[in-house]
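For the working numbering, count along the sequence shown from 1 and bump the result up by 33. Backbone N, C-alpha and C define an ideal beta-carbon position, used for all residues, glycine too. Structure first, commentary second.
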Amino acid sequence: MPGRLFDIKRLARHDEHMEIANLATETERQEPGALVGAIDVGSNAMRLGIAAQDDEGVPRLIQRYREPVRLGHDAFTTGVLSPQTMDEAVEAFRQFRRILDQHHVEKYRATATSAMRDAANGRELIARIAAETGIELELISGEEEARLVHYSISRRVDLADQFSLLIDMGGGSVEVTLCDDGEVVSAQSFKIGTVRLLEMLGQEGDFNTLLSEYLDGTRKKMREQIGRRKTDQCVATGGNASAIGELARQLLNTESEKRVSLPELEQLIRKLAKLSFEERIRDLGLRPDRADVILPAAMVFHDIMALAGAETMVMPEASLLDGVMLDMVDSEKRTFKSQRRNLLAWARSLKKKYHVDQKYGKQVASLALSLFDQLYDRHQLGHRYRLLLELAAQVHEIGMYVRVGGHHRHAAYLISVAPLLGLSEAEKQLLAQVVRYQRKASPSESHGDFAEMDGDTRQVIWQLSALLRLAIALNKERRNRVDDVEVGMDASNITLHLEGHGDLLLERWAALKTASYFKQAFGLNLHIDLNVTEQ
Numbered sequence: 034m035p036g037r038l039f040d041i042k043r044l045a046r047h048d049e050h051m052e053i054a055n056l057a058t059e060t061e062r063q064e065p066g067a068l069v070g071a072i073d074v075g076s077n078a079m080r081l082g083i084a085a086q087d088d089e090g091v092p093r094l095i096q097r098y099r100e101p102v103r104l105g106h107d108a109f110t111t112g113v114l115s116p117q118t119m120d121e122a123v124e125a126f127r128q129f130r131r132i133l134d135q136h137h138v139e140k141y142r143a144t145a146t147s148a149m150r151d152a153a154n155g156r157e158l159i160a161r162i163a164a165e166t167g168i169e170l171e172l173i174s175g176e177e178e179a180r181l182v183h184y185s186i187s188r189r190v191d192l193a194d195q196f197s198l199l200i201d202m203g204g205g206s207v208e209v210t211l212c213d214d215g216e217v218v219s220a221q222s223f224k225i226g227t228v229r230l231l232e233m234l235g236q237e238g239d240f241n242t243l244l245s246e247y248l249d250g251t252r253k254k255m256r257e258q259i260g261r262r263k264t265d266q267c268v269a270t271g272g273n274a275s276a277i278g279e280l281a282r283q284l285l286n287t288e289s290e291k292r293v294s295l296p297e298l299e300q301l302i303r304k305l306a307k308l309s310f311e312e313r314i315r316d317l318g319l320r321p322d323r324a325d326v327i328l329p330a331a332m333v334f335h336d337i338m339a340l341a342g343a344e345t346m347v348m349p350e351a352s353l354l355d356g357v358m359l360d361m362v363d364s365e366k367r368t369f370k371s372q373r374r375n376l377l378a379w380a381r382s383l384k385k386k387y388h389v390d391q392k393y394g395k396q397v398a399s400l401a402l403s404l405f406d407q408l409y410d411r412h413q414l415g416h417r418y419r420l421l422l423e424l425a426a427q428v429h430e431i432g433m434y435v436r437v438g439g440h441h442r443h444a445a446y447l448i449s450v451a452p453l454l455g456l457s458e459a460e461k462q463l464l465a466q467v468v469r470y471q472r473k474a475s476p477s478e479s480h481g482d483f484a485e486m487d488g489d490t491r492q493v494i495w496q497l498s499a500l501l502r503l504a505i506a507l508n509k510e511r512r513n514r515v516d517d518v519e520v521g522m523d524a525s526n527i528t529l530h531l532e533g534h535g536d537l538l539l540e541r542w543a544a545l546k547t548a549s550y551f552k553q554a555f556g557l558n559l560h561i562d563l564n565v566t567e568q
């Protein structure tokens, strides 16, 4: 079936240093460049996946390697990776380097998540890995992690016409994402990963009570994110989710290892709680680094399901590793389309949350994009800047929810702290700056955030904010009277030919008030020509 990975056949063999799952025997015959690789540096282990693209360009996982290097042990206790842990991590990457070279893998991406983000010397380890193995390890945000997992799930699970709760559980954090009709409407990272909980709470004493008390601190934030709407389906990813499915099948004789109900999960938690660490290894066949985290994992899954009113949790063959590979092999057009859909869904959700006029935002966005497209020869900005302008136009009024006075600054702050799947941190800050300069003061080096930008980025902020200001002016007092804008331009001047109904005098006056700002941004004098129809 298109968009579906072949089932993974796990080997029974466990090496002291590395578990290897062979999913195909023909890798030696692959042509150089025919394979892609992905490395996921998590809090509990490091994984390398190698995939071949099928006839439709979908990566088919053929080999998987796992190194049990637990970065989270140091990161979540002392906050610093010990020399021994760093040595183990570098050795794991040396092994990954040998495997990549052996199979002639030239296209790969290596990502690191929660533990590396939290460790004070995480970037030192990244630099050492690059120097000693030649592998550039990318430290990704919780938002990027959630985006890649969602991208994998969207290709494996039908999310259409569903309100879906996605839970990706790692060792350091849990990414909770809400999707409406396949589009991400909210995403948030919570520091309740299994290894983090284990290191913080320990294995001794009344662990269940301690965990329940600790989760109280996150329930309110989760409840705010999830809201009161009941989810149609709950999708869980990560190694612990797969293990829970297998254990439920083994201990409870469930119908499928890919699905577990809330009552079945409750039964499983009770059974796991009665078993010691050693018994989970001996009787259930769990690896030591799975046996100690499986109980907190099951309890966190149960807690989130209960908050969302989810009756069943499904565990597809989806993962961060899979999402990384899909993101690499898919066309830029396809990945950008997915990102744009999610970001516009986020914008709609944000406008609803802050009670913003949806119709007004769409009208301003339409005018801003028309100006952007017609002025392309002047600014030469690509499609990602076009998307940033579209988002800025859609959400520029959210700051009014905080306070009408200075709402442009409040909106910029809300954007700067919001989880935005598909935007880099630099793009998010640029978006915030464009919204910041929708009105009032012009960009200035006396403004700290703007002063930190490089010269090219400052110019982009000037130009996008000028287009946003002009689009807002052309819909002055929300009258929606401008139907179309045609741009005429020569070396020194730009003339806007406005078509619409009514006299458009207010819109012309408001637009001309942006003339000096516009000239600073584009070096052009602004003129307005009216073509109106009687009402």
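Taking all protein chains shown into account, decide if residue i is buried (16 or more other Cβ within 10 angstroms of its Cβ) or exposed.
i: Q466; result: buried
i: H106; result: buried
i: D191; result: exposed
i: G481; result: exposed
i: A554; result: buried
i: S197; result: buried
i: T58; result: Unreliable positioning characterises T58 in this predicted model, as indicated by a pLDDT of 42, which lies under 50. The coordinate reading is nonetheless provided below. Its Cβ having fewer than 16 others within 10 Å, T58 is exposed.
i: L298; result: buried
i: L254; result: What sits at residue 254 in the sequence shown is Lys, not Leu. Under this definition K254 is an exposed residue.
i: Q258; result: buried
i: D360; result: buried
i: H335; result: buried
i: E176; result: buried
i: V293; result: buried
i: V333; result: buried
i: N526; result: exposed
i: Y409; result: exposed
i: A339; result: exposed
Does the separation of the CB atoms of residue i and residue j fall below 9 angstroms?
i: E519; j: L529; result: yes
i: Q232; j: T110; result: The sequence given here places Glu at residue 232; Gln does not occur at that position. In this structure, T110 lies closer than 9 angstroms to E232 by Cβ.
i: A351; j: V397; result: no
i: L581; j: G112; result: No information on residue 581 is available, as it lies outside the stretch 34 to 568 that the chain covers here.
i: V493; j: Y550; result: no
i: G205; j: T264; result: no
i: L453; j: L500; result: no
i: M358; j: A269; result: no
i: T251; j: F223; result: yes
i: L170; j: I159; result: yes
i: H412; j: F369; result: no
i: S371; j: G272; result: no
i: N77; j: M119; result: no
i: E540; j: R514; result: yes
i: M346; j: I225; result: no
i: Q135; j: Y98; result: no
Between which two residues does the alpha helix (DSSP H) harbouring residue i extend?
i: P329; result: 327 to 341
i: I494; result: 488 to 506
i: A12; result: Outside the displayed range of the chain (34 to 568) lies residue 12, so it cannot be described from this structure.
i: E121; result: 116 to 135
i: F405; result: 391 to 407
i: M233; result: 227 to 234
i: T368; result: 365 to 386
i: M358; result: 353 to 362
i: F483; result: 481 to 484
Strictly by DSSP, which residues pair up with residue i?
i: G82; result: A71, R97
i: D569; result: Because the chain here runs from 34 to 568, residue 569 falls outside it and cannot be looked at.
i: L170; result: A143
i: S275; result: According to DSSP, which records beta bridges pairwise, S275 is partnered with nothing at all.
i: I159; result: Paired residues: none, contrary to the question.
i: N558; result: N526
i: L563; result: L531
Which residue marks the beginning of the beta strand (DSSP E) containing residue i, and which one marks its end?
i: T210; result: 207 to 213
i: G203; result: That residue, G203, is in no beta strand (DSSP E); it is neither H nor E in DSSP.
i: T345; result: 345 to 347
i: V268; result: 266 to 270
i: G217; result: Before going on, a small fix: residue 217 reads as Val here, not Gly. Counting along the chain, the beta strand (DSSP E) containing V217 begins and ends at 216 to 223.
i: R292; result: 292 to 294
Give me the Cβ distance between residue i and residue j, rounded to the nearest whole Å; I'm assuming they're in contact under 8 angstroms.
i: L301; j: A281; result: 5 angstroms
i: A445; j: V468; result: 5 angstroms
i: Q462; j: S498; result: About 14 angstroms separates the two Cβ atoms, so there is no contact after all.
Quick check: does the Cβ of residue i come within less than 8 angstroms of any heavy atom belonging to the ligand FAD?
i: D107; result: Among the components modelled here there is no ligand, and therefore nothing to report on the ligand FAD.
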